[in-house]
Amino acid sequence: MADINVTSDYKKISNILGLLPAEVSDIIIQEILDKESISEKLVFQFNFELPFTRIEAISLLFYNGLLTIQGDRFQVYDFVIPNYVIKVMYWEYFRYLFESRHQIQYESIPVRDALIEMSESGKTDMLVEYVHSILKNLSNRDLQKFSEKNIKMIFMTLLMGNNAYFVKSEHENNEGYSDLLLIPTQLNPGKDNFLLELKYLKKSSKESLETEKNKAVEQAGKYKAELAAEGIVCKTYAIVFVGKSAYAVQEVF
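In the working numbering, the protein residues as written are 91 to 343.
Okay, structure coming up:
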């Protein structure tokens with residue numbers, strides 16, 4: 091499960107981004123999580139009599155070791171997440187935001203049991219069912235703006251910080267970007283890598299659910315083949331959620 095030091099250290103991120111209006115800090119955290127990078131100018135000397143803005147916040151993330159510089163163009167710096175531990179911290183912070191805003195709390199035991207199932211039997215049934223239970227606890231208003239991106243965010247917040255799998259989002263290959271790739275850590279006795287292709291429908295008939303599932307299976311199959319060519323053999327699943335009412339899962343061989 092999550093490292094206790096990482097779990098507490100996300101407060102460093104919270105203390106910095108919490109100084110901004112919510113809509114500004116949300117844009118920053120979403121950009122960092124989506125791209126694992128963010129571009130901005132760098133403040134070299136702070137003037138606390140001036141408003142605290144996006145530039146100051148990103149600069150403080152850098153000075154606190156939460157971002158590092160990859161390059162620059164015309165005094166605009168490309169900041170990236172320095173390592174996997176810091177990446178986990180950002181996801182812990184996002185999890186904190188999600189839980190507080192939606193008034194829910196992720197349970198550690200279902201996640202632990204799901205990871206054990208994945209490691210021992212190569213199945214994702216418990217993980218998908220737990221994500222479905224989270225969706226069922228969200229309000230209809232919360233779900234109005236939901237998309238595949240939000241589903242992926244839920245999976246990531248559940249999976250990041252465990253010591254069973256390294257989690258990679260948007261793994262690039264010749265077919266595009268796969269949604270989630272899980273690689274066993276040295277502590278994990280299981281040998282299976284996992285590739286998860288995620289889809290989300292707001293509403294659906296049986297026909298549209300089947301159509302979307304078939305699309306996910308086809309896409310996942312292409313990613314699976316590309317990863318196999320790279321030497322990464324994966325247990326692969328296409329997963330489709332329909333609002334909070336239903337879901338479908340199919341293993342891709």
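Beta carbons are placed, not taken as given, at the ideal position from N, Cα and C, and that holds for glycine.
Pick out whichever of S127, I176, E189 has its Cα sitting closest to the Cα of D162. Taking the first residue of the sequence shown as 1, we reach residue 162 at position 72. Ranking the options by Cα distance to D162, first place goes to S127.
Would you list, in sequence order, the uninterrupted beta strand (DSSP E) runs of no fewer than 3 residues that lie entirely inside the segment 270 to 310? 283 to 291
Given a cut-off of 8 Å, decide if F331 and I241 are closer than it, judged by their beta-carbon atoms. What you label residue 241 is simply residue 151 of the sequence shown in a count that begins at 1. What you label residue 331 is simply residue 241 of the sequence shown in a count that begins at 1. Against a cut-off of 8 Å, the Cβ pair of F331 and I241 comes out as a contact.
Could you check the C-alpha separation between E207 and A306 for me, to the nearest Å? Here residue 207 is taken as the residue at index 117 of the sequence shown, counted from 1. Here residue 306 is taken as the residue at index 216 of the sequence shown, counted from 1. So the two alpha carbons sit approximately 23 Å from each other.
What does the Cβ neighbour count give for V323, buried or exposed, with the cut at 16 atoms within 10 Å? Residue 323 sits at position 233 when you count from the first residue of the sequence shown. Exposed, by the Cβ-count rule.
Can you tell me which of the three DSSP states F134 falls into? The residue labelled residue 134 in the question sits at position 44 within the sequence shown. F134 falls in the coil class under three-state DSSP.
Does K314 pass the burial test, meaning 16 or more other C-beta atoms within 10 Å, or should it be called exposed? Indexing the sequence shown from 1 puts residue 314 at position 224. Label assigned to K314: buried.
According to DSSP, R185 sits in a beta bridge with which residue or residues? As a working mapping, residue 185 is identified with position 95 in the sequence shown. Paired residue(s): none; R185 is not in a bridge.
For Q120, the three-state DSSP class (helix, strand or coil): Translated into the one-based positions of the sequence shown, residue 120 becomes position 30. The three-state secondary structure of Q120, taken from DSSP, is helix.
Just grab the DSSP bridge partners of G161 for me. For the purposes of this step, residue 161 is taken as the residue at position 71 of the sequence shown. Answer by DSSP bridge pairing, in chain order: D168.
With DSSP run on the structure shown, which of helix, strand or coil describes E139? For the purposes of this step, residue 139 is taken as the residue at position 49 of the sequence shown. If DSSP states are grouped into helix, strand and coil, E139 belongs with coil.
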